[in-house]
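Heads up, the thing below is written out as structure tokens.
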């Protein structure tokens, strides 16, 4: 499964990949066992804090991970761990420096996911690896390598089997950090109580609550970043996949040679198009979800994720770039952990649609507001495809003269240079373009 996706490193020769051994038959015989996930866990170990009980009842032989699939000390042999880039429900993302005999070969992001001794859970984790190996586009984070290794995740706990997924490192943070101005500001208990009182009375976040002192993104920045994200989504949809978790924190920024591009990351929730939803609800962030996927019908089934639900999320990312906030009272643009999930879910499912916030940003062109209205349409059938959005963005006829003139750029130093591309510039290679963009902007 992984042989074709085991790409080499960008410089020099890559170390031999242990990935090929992950597809061999399941364990037979009396090889040493790894700790098993907790009894009754359907989803396998979650997070770096998972420690299995070594006295759990042994699993059937066919469900264990083979010892030969592991590469002991592979991380320390070829990499230097510099810092943690982020944490999630399934593990952590590390910044690694690749070295051979002290010679530096570049930086990589590496997702470390505990898998215990559960072969079926490992297969679920490797679905993301298999998908990454198949996809190649300038606006999608690229896959490099995968291996298994035992790791002691706590000082006094036993070692736990972990999958290490090596990926392209994006060196300029993510879109969420860029829009809100860096690290979240700590909120005092008094400020938090005041926020909750205002929300209980139906008041929206204040400008201080929703964003920091960072200047708002100019139209040029919004346009260029949004074009990158839409290009990645168009490629993904063209390959018949749905991302399902599009949000600013999954849109990474990378600067190289004076140019900054935006790349979509985190493919752990990606699924093939036209798959019937089996889950009972959404986990994690729901702020960017389409209303239809959060609604339950009379039979107790939630709406399916589709390319059109991805388009709604794309529109909400555009909204966030424009206003530095979301259109929900229960959403917290800076500290998502403070959100009341039940309140936010109810608000999203009852949302009445995009209202014209032109007075809030009169500097933004009217065509942009019309595009937002299309992307955030409550009727999913009225939303354009990602390809149609790209075609409309490339057409100066459809966009009239909104891209011409003297636009004030409030970009930070990290995004200066060749961030803003000519509207006549061709789409990134690998972007599928088909269909007609007429109904996206022609009827605006």
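Numbering (the numbering used here), first residue to last: 276 to 719. Backbone N, C-alpha and C define an ideal beta-carbon position, used for all residues, glycine too.
Leaving aside the five residues that flank residue 551 on each side, the residues in its chain whose CB is nearer than 8 angstroms to its CB run, in chain order, 579. Close CB contacts of residue 417 within its chain, under the 6 angstroms cut and outside five residues either way in sequence, are with 443 (chain order). Note on geometry: alpha-carbon atoms of residue 382 and residue 528 lie some 15 angstroms from one another. Remark: fewer than three beta-carbon pairs, one from each stretch, lie closer than 8 angstroms, so the region 525-544 and the region 613-620 are not flagged as touching. DSSP places residue 623 in the uninterrupted alpha helix (DSSP H) bounded by 616-624.
Of the other Cβ atoms in all chains shown, 16 or more fall within 10 Å of the Cβ of residue 661; this residue is therefore buried. Of the candidates 609, 549 and 344, 344 places its Cα closest to the Cα of residue 438.
A Cβ-Cβ separation of about 14 angstroms leaves residue 380 out of contact with residue 357 under the 8 angstroms criterion. In the DSSP assignment, residue 351 falls within the alpha helix (DSSP H) that extends over 349-353. In this structure, the beta-carbon distance from residue 440 to residue 392 does not fall below 8 angstroms. Residue 424 is bridged by DSSP to 437. DSSP lists 370 as the beta-bridge partner residues of residue 358. In its chain, beyond the 5 residues on either side, 598 have a beta carbon closer than 7 angstroms to the beta carbon of residue 632.
Boundaries cannot be given for residue 635, as no alpha helix (DSSP H) includes it and DSSP labels it neither H nor E. If you ignore the 5 residues before and after residue 353, its C-beta comes within less than 8 angstroms of the C-beta of 290, 373, 374 and 375, all in its own chain and listed in chain order. In this structure, the alpha-carbon of residue 654 lies about 21 angstroms from that of residue 522.
DSSP places residue 495 within a helical segment (H, G or I) once states are collapsed to three. The shortest C-alpha to C-alpha distance from residue 571 to any of 562, 363 and 625 is the one to 625.
Three or more beta-carbon pairs separated by less than 8 angstroms are not found between the region 505-520 and the region 421-434, which leaves the two stretches without contact. Spatial neighbours of residue 622 in its own chain (CB-CB distance under 7 angstroms, excluding positions within 5 residues in sequence) are listed in chain order as 603, 604 and 605. In this structure, the beta-carbon distance from residue 548 to residue 582 falls below 8 angstroms. Rounded to whole angstroms, residue 650 and residue 349 show a C-alpha spacing of 45 angstroms.
Looking at the backbone, the Cα of residue 360 and that of residue 594 are separated by about 26 angstroms. Taking C-beta atoms as the reference points, residue 406 and residue 545 count as a pair closer than 8 angstroms. Contact between residue 596 and residue 500 holds: their C-beta atoms lie close to 7 angstroms from each other, under 8 angstroms. The Cβ atoms of residue 451 and residue 562 lie no closer than 8 angstroms to each other.
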